[in-house]
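*Asks:* Structure below; questions to follow.
Number of protein chains: 2
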Amino acid sequence: MGSKERIHRLKENTKVNIINAAHEIVKEEGWQALSMRKIAEKIEYTAPMIYEYYANKEGILLELTKKGYLLLGEKMKEARDKYDTPEEQLEAMWLAYWNFAFEEKEYYQLMFGVQVNCCMIEDLLPIESTPYGIATKPIMQLMGIDDPEDDRVCTKYYTYWSIVHGLVSINIVRKGASDEINRQILKDAIIGITRSLKS
Amino acid sequence: MGSKERIHRLKENTKVNIINAAHEIVKEEGWQALSMRKIAEKIEYTAPMIYEYYANKEGILLELTKKGYLLLGEKMKEARDKYDTPEEQLEAMWLAYWNFAFEEKEYYQLMFGVQVNCCMIEDLLPIESTPYGIATKPIMQLMGIDDPEDDRVCTKYYTYWSIVHGLVSINIVRKGASDEINRQILKDAIIGITRSLKS
DNA sequence: TAATTTTGTCTAACGGTGTTAAATTATTTA
DNA sequence: TAAATAATTTAACACCGTTAGACAAAATTA
C-alpha cells in the first residue's frame, strides 16, 4: 500500500505549512495581525480547515512556542560547544540568548510575553514623576555625578531596572517560584549593583 | 452661571468612571477580557458613548498607563523618604517597585507589556532542551554542586536569566537604547554573577 | 413662552475576529 | 458502478472596535 503513509506525510506537511504561514505573517505584520483567516489564505485553504490540524489558535501558538524553545536551545548549545571552561560557556550562552531575542524577536515575544504596545511615557509625564527621574538621583549621589543624562548614570539605572523587571516578568508569567528565592535574588542583585556604584 | 462648570465636572466624572470601570474589568477578568462594550455596560451606557470621552480603546489604555506610572512613582517616593542614605534609598525604592508589580499587577502588565499566555513549557519539552537544562550545567560545575534541583543553582540561574530577560524586554518595548550601553550592562552583569558563583 | 439650536445618547451597521455545524465535494473501498 | 469515508467549504454564531445617522433632551435664542 504505502498510500496511507503518503497521505500521512501530506497531512504532516500541511501541518507544518500552517505553522510556517503563521510564522511568516507574524514576521511581516506582528502578533496582533495573526488570524486564522489570514493563515488559511496563505496556505490557500479556508479557515475551518485549520481546525482539522490544530485544536484552536492557541494550539498554533503553543506549537510555535515549542519551536522557539528548541531553536533557542540549539543556539545556546552551539555557543557553549565553542568553549571549554564553564565561565566562558556561561558568557557565550547568555550572549547567544541575547542574540536570539533580537534575531528571532517574534519567537522571543511569544515565549516570554513581551508586548510592544507601550511607548514613550516620558512625553506624557514630567521626568520627576517617572521611576527614572526618581531613581537616578541617589545613583548620581553615590557616583558623584551631577548630569542626570550622563551615560554612566543611565547604564547603572538600566542595570538595576533590568534585573528587577526581568525578575518581575519571570514571576508574572510563570507564577510559582518561591518567594524566598526571589527575595534572595533581588536583594543580592541590588546590593551587588549598589556596591559597584561606589568603585 | 457656574452651570458650565457643573456640567464640566460631570463630564470629567464620567471620564474617570470609564477609567475606573476599565480597571475593574481588568482586575476581575484580565486584559484580554477588556472591551468597549463591557466598559459601557458597567457604567450603564452604550459603547459609542465612550468615544465622546476617549478617541478609542488605545486612549483608555494610555490613560491607565499614565495612572500606573504616577502610582508607581508615588510608591517609590514614599519608600525613598523613609531613608537618608542613597544606599538605603535605592534598596527601598527597588523593593517598592517590586511590590508595586505584584500589588498592582494589571498596571504593571500594561506598563511593561508582560503577557500571561505562555506557561509550563517544561511539560512539553525534555529539560535538556530548555535553556534551564542547558545553562545550569556550567553553573553547577562552577559551584561544585551535583543536584540540578539544588536551590542555590536555581537561584543563580534565575539571577542570570532575570538580568538578561529584563534587558531584552526593555530593549524590545523601548527600542532605541544604545547598543554600546546594552553590551556593557550585559557583560558587566554576567561577569559579576559568574564571579559570585565561585565564592 | 415658543422656536431653534445644541448636546447627549442610542440604534444600526460595517468589517473584522475565533469557532462550530452542516452541506458539499472528492476520494477510497466494496 | 455504488456505497462509504474523508476532505473541504459554506454559512452561521457571538463577539470585537468603530462610525454614521437618528432621536430625544436640554439649553439658548427670539
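If you're matching them up, the sequences are chains A and B in order. 620 is the number of the first residue of the first sequence in my numbering; add one for each residue after it. 620 is the number of the first residue of the second sequence in my numbering; add one for each residue after it. Where a beta carbon is used, it is the ideal one built from N, C-alpha and C, also for glycine.
#1: How would you write the range of the alpha helix (DSSP H) that Q760(A) sits in, first residue to last?
#2: Check whether chain A comes within 8 Å of P667(B), counting only Cβ atoms and requiring the distance to be less than that.
#3: What residues from chain B crowd round P705(A), counting only those whose CB sits closer than 7 Å?
#4: Establish whether the CB of M655(A) and some CB of chain B are separated by less than 8 Å.
#5: Whole-angstrom Cβ separation of Y809(A) and L709(B), contact assumed at under 8 Å?
#6: Tell me the rounded alpha-carbon separation between T774(B) and E747(B).
#7: For S797(A), does the count of other Cβ atoms within 10 angstroms reach 16, so buried, or fall short, so exposed?
#8: Label A711(A) either buried or exposed according to how many other C-beta atoms from any shown protein chain fall within 10 Å of its C-beta, with 16 as the threshold for buried.
#9: At a CB distance below 7 Å, what residues from the segment 760 to 787 of chain A approach chain B? Give them in sequence order.
#10: Going by Cα to Cα distance, which pick from M655(A), K694(A), A666(A), A674(A) is closest to G753(B)?
#11: In the DSSP assignment, find the unbroken alpha helix (DSSP H) run with V783(B) in it and report its ends.
#12: Which first and last residues belong to the alpha helix (DSSP H) in which L743(B) is found?
#13: Count the CB pairs spanning the segment 667 to 684 of chain B and the segment 760 to 772 of chain B that are closer than 8 Å, and state whether there are at least three.
#14: Are G785(A) and S788(B) close, meaning C-beta to C-beta below 8 Å?
#15: I want to verify the contact list: residues of chain A whose CB lies under 7 Å from the CB of V635(B), in sequence order.
#16: I'd like the list of long-range same chain contacts for A640(B), defined as Cβ closer than 7 Å, with 5 residues on each side in sequence excluded.
#17: To which residues of the same chain is E677(B) closer than 8 Å at the C-beta, ignoring the five residues directly before and after it?
#18: To the nearest angstrom, report how far apart R699(A) and L690(B) are at their CA atoms.
#19: Return the residue from the list I782(A), W717(A), S815(A) that minimises the CA-CA distance to Q803(A).
#20: Quick one: what's V645(A) bridged to in DSSP?
#21: Please name the residues in the segment 717 to 738 of chain A whose beta-carbon is closer than 8 Å to at least one beta-carbon of chain B, in chain order.
#22: Pull up the DSSP beta-bridge partners for V733(B), would you.
#23: For a contact meaning CB atoms closer than 7 Å, what does G692(B) contact in chain A?
#24: Within the same chain, show all residues whose beta-carbon is closer than 6 Å to that of A674(B), passing over the 5 residues directly before and after it, in chain order.
#25: Out of R625(B), T778(B), G687(B), which has the shortest C-alpha to C-alpha gap to E722(B)?
#26: In angstroms, rounded to a whole number, what distance separates the CA positions of K594(A) and D770(B)?
#27: Using the beta-carbon count (16 or more within 10 Å), is E647(B) buried or exposed?
#28: Closer than 8 Å, CB to CB, is Q803(A) near chain B or not?
#29: Would you say E710(A) faces chain B, with C-beta separation under 8 Å as the test?
#30: Within 8 Å (strictly less), CB to CB, does K685(A) reach chain B?
#31: Work out the CA separation of P757(B) and R814(A) for me, nearest whole Å.
#32: Quick check: what's the CA-CA separation for Y672(B) versus R625(B)?
*Replies:* On the basis of the data shown:
#1: Element bounds for Q760(A): 750 to 762.
#2: Chain A, which has no Cβ nearer than 8 Å to the Cβ of P667(B), makes this no.
#3: Residues of chain B passing the Cβ test: P757, Q760, L761.
#4: No, M655(A) lies away from the interface with chain B (no Cβ there is under 8 Å from its Cβ).
#5: At residue 809(A) the sequence reads Ile, which differs from the Tyr that was named. The pair is a contact, with the Cβ atoms about 7 Å apart (cut-off 8 Å).
#6: So the two alpha carbons sit approximately 18 Å from each other.
#7: By the 10 Å Cβ count, S797(A) comes out exposed.
#8: Answer is buried; the Cβ neighbour count reaches 16.
#9: For the segment 760 to 787 of chain A, the residues whose beta carbon sits under 7 Å from a beta carbon of chain B are, in order, Q760, L761, D770, C773, T774, Y777, T778, Y779, W780, S781, I782, V783, H784, G785, L786, V787.
#10: Contrary to the premise, residue 753(B) reads as Ile rather than Gly in this sequence. Cα-wise, what sits closest to I753(B) is K694(A).
#11: Looking at the DSSP string, the run of the alpha helix (DSSP H) that includes V783(B) is 770 to 792.
#12: DSSP places L743(B) outside any alpha helix (DSSP H), giving it a letter other than H or E.
#13: Between the segment 667 to 684 of chain B and the segment 760 to 772 of chain B there are fewer than three inter-stretch CB-CB distances shorter than 8 Å, so the stretches are not counted as touching.
#14: It is a contact, given that the beta carbons lie within the stated cut-off.
#15: Simply none; closest approach about 17 Å.
#16: So the list reads I658, K661, I662, once near-sequence residues are dropped.
#17: Answer for E677(B): no residue qualifies.
#18: Between R699(A) and L690(B), the C-alpha separation is close to 43 Å.
#19: That would be I782(A), whose Cα lies nearest to the Cα of Q803(A).
#20: In the DSSP assignment, no residue is bridged to V645(A).
#21: Residues passing the 8 Å Cβ filter: W717, A720, F721, K724, Y727, Q728, L729, M730, F731, G732, V733, Q734, V735, N736, C737, C738.
#22: In DSSP, V733(B) forms a bridge with V733(A).
#23: Correct list: S748, T749, P750, I753.
#24: Excluding positions up to five away in sequence, the list is empty.
#25: The shortest C-alpha separation from E722(B) is found at G687(B).
#26: Summary: the structure shown does not reach residue 594(A), with chain A confined to residues 620 through 818, and so no result is reported for it.
#27: In this structure E647(B) is exposed. Its beta-carbon is surrounded by fewer than 16 other beta-carbon atoms within 10 angstroms.
#28: It does: the Cβ of Q803(A) has a partner Cβ on chain B nearer than 8 Å.
#29: So yes, E710(A) belongs to the interface.
#30: In terms of beta-carbon proximity, K685(A) lines the interface with chain B, with at least one pair separated by less than 8 Å.
#31: Their Cα atoms are separated by approximately 26 Å.
#32: Rounded to the nearest angstrom, the two C-alpha atoms are 17 Å apart.
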